[in-house]
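Working notes, beginning with the structure itself.
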């Protein structure tokens with residue numbers, strides 16, 4: 001894996017080679033083995049690149065027509081993005097409990113409103129107040145990461161890699177912000193895919209319906225890498 005910077009556009013690109021590919025099904029919510037790491041399934045391992053950060057206006061505007069499969073998967077993804085987190089919904093409550101269980105499998109959660117959530121990097125006792133514009137999909141992204149790439153998830157949660165500062169970024173809140181960033185970057189509400197980033201993503205989506213969730217996992221790892229390179233501290237963390 002590598003992060004590539006260009007002089008003109010300050011673009012960070014995560015290139016995943018076939019040597020890091022993981023040959024597994026990435027169905028939503030599927031559990032992984034304890035030694036699973038945040039790598040690349042074969043459809044990325046063939047040479048595709050994930051553009052994880054960009055500056056506005058850095059890419060040539062292009063238009064392509066969607067295939068029926070792309071249109072179907074894009075419609076489903078856009079629906080997921082429009083679902084607000086609702087603390088009164090049983091399925092949303094269950095998703096929060098599932099996130100806790102996937103993150104701390106040996107610890108019992110005392111309640112959906114508890115000081116325990118602060119350990120995961122939520123700002124207060126009630127994580128539902130942190131979702132804001134990112135919505136329910138940001139919780140789905142965290143849960144997907146925790147279940148599919150458990151080792152990488154735990155490494156980032158516990159800040160185990162690299163030289164760390166005394167005060168680190170809040171893990172869960174950072175995850176919500178990454179979801180929001182990717183949604184804005186892809187601009188999936190546009191009528192036509194007019195940017196290189198969106199066109200690449202739609203190609204990946206045609207090969208794997210969980211492309212957004214997988215891109216999220218890669219983006220989280222890239223963000224952490226950038227954090228370490230800049231020797232950042234909590235004071236440098238600026239939630240949207």
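Residue numbers (full-length UniProt numbering): 1 to 240.
A virtual CB, placed ideally from N, CA and C, is assigned to each residue, including glycine.
Span of the alpha helix (DSSP H), counted from its first residue to its last, around residue i
i: residue 207; result: 196-207
i: residue 76; result: 68-81
i: residue 148; result: 136-148
i: residue 184; result: 171-186
i: residue 224; result: 211-229
i: residue 103; result: 90-103
Chain-order list of residues whose beta-carbon lies under 6 Å from that of residue i (same chain, five-residue window excluded)
i: residue 73; result: 205 and 209
i: residue 153; result: 145 and 146
i: residue 90; result: none
i: residue 129; result: none
i: residue 36; result: With a pLDDT of only 43 at residue 36, under the threshold of 50, the placement of this residue in the model should not be trusted, and no figure is reported.
Spatial distance of residue i from residue j (CA atoms)
i: residue 83; j: residue 139; result: 11 Å
i: residue 227; j: residue 88; result: 35 Å
i: residue 100; j: residue 189; result: 32 Å
i: residue 187; j: residue 102; result: 30 Å
i: residue 203; j: residue 110; result: 43 Å
i: residue 213; j: residue 71; result: 17 Å
i: residue 288; j: residue 223; result: Nothing about residue 288 can be reported from this structure: the residues present for the chain run from 1 to 240 only.
i: residue 169; j: residue 151; result: 19 Å
i: residue 108; j: residue 215; result: 30 Å
i: residue 118; j: residue 104; result: 13 Å
i: residue 81; j: residue 177; result: 14 Å
i: residue 76; j: residue 131; result: 20 Å
i: residue 114; j: residue 68; result: 45 Å
Proximity of residue i and residue j at Cβ, strictly below 8 Å
i: residue 211; j: residue 220; result: no
i: residue 96; j: residue 127; result: yes
i: residue 225; j: residue 179; result: no
i: residue 79; j: residue 85; result: no
i: residue 143; j: residue 98; result: yes
Contacts around residue i, its chain only, beta-carbon distance under 7 Å, and the 5 residues preceding and following it disregarded
i: residue 31; result: Only weak support is given to the placement of residue 31: the predicted model assigns it a pLDDT of 39, under 50, and the value that follows is read from those uncertain coordinates. If we look at residue 31 and ignore the five residues flanking it on each side, its Cβ neighbours are 147.
i: residue 112; result: 93 and 96
i: residue 116; result: 109 and 110
i: residue 159; result: 168
Neighbourhood of residue i by C-beta distance below 8 Å, restricted to the same chain and skipping five residues each side
i: residue 48; result: Note that residue 48 scores a pLDDT of 33, beneath 50, so its modelled location is shaky; the value from the coordinates is reported in the next line. Here the set comprises 16, 200, 203 and 204.
Proximity test, Cβ basis, 8 Å: residue i and chain C
i: residue 91; result: Looking at the structure shown, chain C is missing, and only one protein chain is on hand.
Just checking, does the segment 128-136 make contact with the segment 166-185 on the three C-beta pairs under 8 Å criterion?
yes
Cβ contact check for the segment 119-131 and the segment 167-175: 3 or more pairs under 8 Å
yes
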